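Residue numbers (my numbering), protein chains in the order written: chain A, 113 to 559; chain B, 127 to 594.
Just below is one structure, and these are the notes that go with it.
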Amino acid sequence: MLTNQRRLKQRLLIAFEFFILILIFPSHASAAPKIEHWVTDNGARVYFIETHALPVVDINMVFNAASAREPADKQGLAMLTSDMLLEGSADLDSKAVAEGFEDRGAEIGTSSLRDMAIVSLRSLSDKEYLEPVLELLAKVIADPKFPEKNLEREKARSLQSLDHSLQQPATVGRRRLYELLYTGHPYANHPSGTHESIQSIRRADLTDFYKQFYVASNMVIALVGDLSLTQAKLLANRLSRSLKKGRPAGILPDVAAIKGGEHRIEFPSTQTHIMTAYLGTKRDDPRYLALKVGNYSLGGGGFQSRLMDEIRDKRGLSYGVYSYFQPMQQTGTFIASLATKNKNLEEALTVSNEVIDKFLITGPTEKELVLAKKNITGGFPLTIDSNKKLVSTLASIGFYSLPVDYLDTYIERVNALDRKTVTEAMQSVLGSENRVTVIVGAGVKQQ
Amino acid sequence: MTGQSLKRVAIYLVILIMVLNTSLVAASESTGVTEAVLDNGMKILIKQDHRAPVVVAQVWYRIGSSYEPDGITGVSHVLEHMMFKGTKRHGKGEFNRIIAENGGRDNAFTGRDYTAYFQTLEKSRLAISMELESDRMRGMLLDEDEFAKELQVVIEERRLRTEDKAESKVYEKFNEAAFPGHPYGRPVIGWMRDLKKLNVSDLHQWYQRYYSPANAILVVVGDVDPDEVIAMAKKYYGPIKSSKVETPEKFKVAKQTATKRITVKAPANLPYMILGFHVPAVADNPEHDWEPYALELLSAILDGGSAARFADQLIRGQQVATAVSTSYDPFARLAGYFLVDGNPAREADIAQLEKAILEQLKQLKEKPVSHKELQRVKAQVIAANVYERDSVFYQGMKLGLMETTLNDWRLTEDHTNKLRAVTAKQIMTVANKYFLPENMTVAVLDPQPIATEKPTENPVSKEQQNAN
């Protein structure tokens, strides 16, 4: 769907008391739902949770086909391909595709960032609704036409979207940050492209990209909802058979170590945005849980974190300040960020750096560690309490090839962490001279 | 914001709360909703959802920016911030810490017509939330020093949300123009000039006046037993003495006689516009209660998905818009507006976009919507009603919102049925009645250049980095 309703709705309704940090990956464990896992005949890996509480089915088809897979001079190609999937298939034009889903109350969406390109469907489970919608979904992914005219329109819209996002100092800073962290690596590609790259993309680029990456053996299907195991198997087969078998996308190049530095960008805003980053870890890194627990006390745990305490609570310098690890297929990121009025830049920057440096020397206190573990384990049921959350959890487990008992063992693995493990993990990832800081705001160069 | 999010699906705001008979404690099998009222006047709504061992508790107060007089705009929201700063029993920061220790999530939000606080927890920990929340209904300290710091935080929040967001500024100016002297003309977060002179005694008065059990609604949704929840609520909230809370004046919008137009200059790359018409809400329009529902379906006809008219004709067909959407809230306390906002396409301009939008509205006035279109938006209404049951938080939101703004959550019990009953003729009628030039306000963003130059690089030496 093609709207920007969110903007008004958000503004109209709500002024939150503080940022809700959406965790990159939910925490987990006791009484976790049972995950069924299998591989279809032509190589799609399937993860399924059966639940009949609501007459609803959620499907995420996750392809290893996001911006990390596009050439540097064709940035934006993966996202355009993903957007264009719904622009017409076989004998159906874009309107017919949209009607086919929406006439039956189904919600279809596509998205694509650095690692994952996702096609998601939510439908009522009643056969009368689900049958035609599934048939349409299979058709859409099997035979996208990428019509030339529609592509020109979507390219123009992508340029507009890009310009729109560049109105925000935070976006300008984040783009710069990724360029600095990943020089020469596909993770430096901007998922939404650049002006030059979007203009250079041709229809043949999309068809080639689709042929190579939208194949069954490069796909994970996450399925949650009102289906029996037998029905789920039929459904998964049907979807995967509509695609060629193909080959998995392969392993991305290693991320090279980087040189730290501070980079200032002038921007006409009343606040200066400070983003402090390091290279982080891969999603399947054994240290990941320790890092997550450690980051809770540093900047992930809202008011329980040191950054929030020092920057917001004690000094009133920023509305939100937080840090997070974003693990990926290859080395991901750690980013801490805040925004403060231009005049306060140097104070906020000093405090933020001091908090991070001090934390890296000693790690969390015993008290902080206990609180972090209690929050993460005690909040486990909240992270899997809806079909929506379950399906994205399954998608992550599948895409990053985590063990199927991941949820079952989560709490005990968190509880097993001690100060030494957590501190060493934080030090081994962040404790180097590789800190990259990007600062965006008005007058930042004069200061 | 990525290219994706600009095009992202707007979630359909529709709700259903089904039939329920009334009494002091009433329950219904079909809805799983139980209602009770404590002696001090506090209302309790409980909805059972046994899918996961989780509970959400929300306390809603009938207070928000639309209750604020000029001069202290933003006071409701600043008070909401201060509600986390400690009571006699629980010192500063303890609220958040106790919830965190119990694996919970907690936060609060302020709107025009309400302020609400919530905690989501594993189900056995509901009493912890009630103990803390009831304590701060009357026991806040509102310390002077804490206030001074928190006010700076709110001012930073305003910079982040409004000052540095061109389109937010346009929205704020649009409201000011469309609602002169009316509470909906003021921003929820408050004017910067008012925030800067707000003081702690303003907050004290606000707190004393509105934070009373008789002005509060407790909503609990999740894996709970209603009788136990009521007993628990009696224990924690029951002893709190109520004070009388006056009902605010029901403002009417001054009759508009001609189209109003404003332009806002701000740094931006894309032009943007908002176009709106005054329309009724359910709460203030009892004699024509079908009208808000007709407007809601009309909104979906234009912008209810990728097959709807705006996407089909303005974005794909004429290619006059990059993004364009509608917005209408039938459940506000006071009559509001029907809004259309959007960015023109790369090869188009604001004038062309406005013309195309008005042409769309004209078509709604002249020709009934097709059976096929009406069936589609009704199918979406039915499905959305099922999908929203996937979130315990959202179910609580709906109950709380309805009870807060309409004083009776039962008024919306057959929302879905009301929507299903809307006819093509009714959609045409509301279009003709409200989409008039003399009822229209238009706000346009005139983008000022953003000159971002190449960043300078100052690699930091090892010594500097490790200095601490």
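We put the CB at the ideal spot given by N, CA and C, even for glycine.
Because the structure is a prediction, the values reported are computed rather than measured.
query: Arg-376 of chain A (DSSP reduced to helix, strand or coil); result: strand
query: Start-to-end residues for the beta strand (DSSP E) that takes in Ser-223 of chain A; result: 219 to 224
query: Gln-86 of chain B classed as buried or exposed, judged by whether at least 16 other C-beta atoms fall within 10 angstroms; result: The question about residue 86 of chain B has no answer here: the residues shown for chain B are numbered 127 through 594.
query: Neighbourhood of Val-140 of chain B by C-beta, 6 Å cutoff - its chain only, sequence neighbours within 5 removed; result: Legend: pLDDT at Val-140 of chain B = 23, less than 50; position of this residue unreliable, value from coordinates given subsequently. Excluding residues within five positions, the ones whose Cβ falls inside 6 Å are Val-507 and Ala-510.
query: Range covered by the beta strand (DSSP E) that runs through Val-151 of chain A; result: 148 to 151
query: Assigned exposure category for Thr-222 of chain A - 16 Cβ within 10 Å defines buried; result: buried
query: Test: Ala-165 of chain A CB closer than 9 Å to a CB of chain B; result: yes
query: Rounded separation between Ser-327 of chain B and Tyr-434 of chain A - CA only; result: 32 Å
query: Alpha-carbon to alpha-carbon, Leu-249 of chain A and Gln-574 of chain B; result: 44 Å
query: N- and C-terminal bounds of the alpha helix (DSSP H) containing Phe-403 of chain B; result: Counting along the chain, Phe-403 of chain B falls outside any alpha helix (DSSP H), though it belongs to the beta strand (DSSP E) covering 398 to 405.
query: Neighbour flag for Ser-327 of chain B against chain A, beta carbons, 9 Å; result: no
query: Below-9 Å beta-carbon distance, Gly-555 of chain A vs any chain B residue; result: no
query: The region 344 to 351 of chain A contacting the region 514 to 525 of chain A, beta-carbon criterion three pairs below 8 Å; result: no
query: The region 163 to 183 of chain B contacting the region 340 to 347 of chain B, beta-carbon criterion three pairs below 8 Å; result: yes
query: Whole-Å CB distance - Tyr-243 of chain B paired with Met-266 of chain B, under 8 Å assumed; result: Incorrect: roughly 12 Å between the Cβ atoms, too far for contact.
query: CB contact flag (Asn-222 of chain B, Tyr-363 of chain B, <9 Å); result: no
query: Within-9 Å CB hit, Tyr-513 of chain B to chain A; result: yes
query: Any chain A beta carbon closer than 9 Å to Glu-289 of chain B; result: yes
query: Within-9 Å CB hit, Gln-506 of chain B to chain A; result: yes
query: DSSP-derived helix/strand/coil call for Ala-292 of chain B; result: helix
query: Host alpha helix (DSSP H) of Met-538 of chain A (start-end); result: 531 to 542
query: Cut-off 6 Å between Cβ atoms - residues of its own chain near Leu-335 of chain A, not counting five sequence neighbours on either side; result: Phe-160, Ile-171 and Ala-344
query: Residues of its chain near Pro-374 of chain B, where Cβ-Cβ distance is below 6 Å and the 5 sequence neighbours each way are ignored; result: Tyr-193
query: Buried or exposed (CB count within 10 angstroms, at least 16 for buried), Arg-399 of chain A; result: buried
query: Val-503 of chain B beta carbon less than 9 Å from that of Ala-550 of chain B; result: no
query: Proximal chain A residues relative to Ser-517 of chain B, where beta-carbon distance stays under 7 Å; result: Ser-498
query: Residue span of the beta strand (DSSP E) that contains His-497 of chain B, given as start and end; result: Where His-497 of chain B is concerned, there is no enclosing beta strand (DSSP E), although the alpha helix (DSSP H) it sits in stretches over 497 to 513.
query: Distance CB(Gly-237 of chain B)-CB(Ile-254 of chain B) smaller than 9 Å; result: no
query: CB of Thr-246 of chain B within 9 Å of CB of Val-350 of chain B, strictly; result: no
query: Alpha carbon of Met-228 of chain A to alpha carbon of His-302 of chain A, nearest angstrom; result: 14 Å
query: Distance, Ala-392 of chain B Cα to Glu-422 of chain A Cα; result: 33 Å
query: Contacts of Ala-226 of chain B in chain A (Cβ-Cβ under 7 Å); result: Gly-413, Gln-416, Leu-483 and Asn-487
query: Cβ-based burial, Pro-360 of chain A [other Cβ within 10 Å; buried from 16]; result: exposed
query: Residue-chain proximity (Ala-141 of chain A, chain B), Cβ-Cβ < 9 Å; result: Interpretation of Ala-141 of chain A is limited by its pLDDT of 35, a score under 50 that renders its predicted location unreliable; the figure taken from the coordinates is listed afterwards. Closer than 9 Å: no.
query: Ala-342 of chain B versus Leu-268 of chain B - alpha carbon distance; result: 20 Å
query: Interface residues of the region 451 to 471 of chain B facing chain A [CB-CB below 8 Å]; result: Ser-451, Thr-452, Ser-453, Asp-455, Leu-465, Asp-467, Gly-468, Asn-469 and Ala-471
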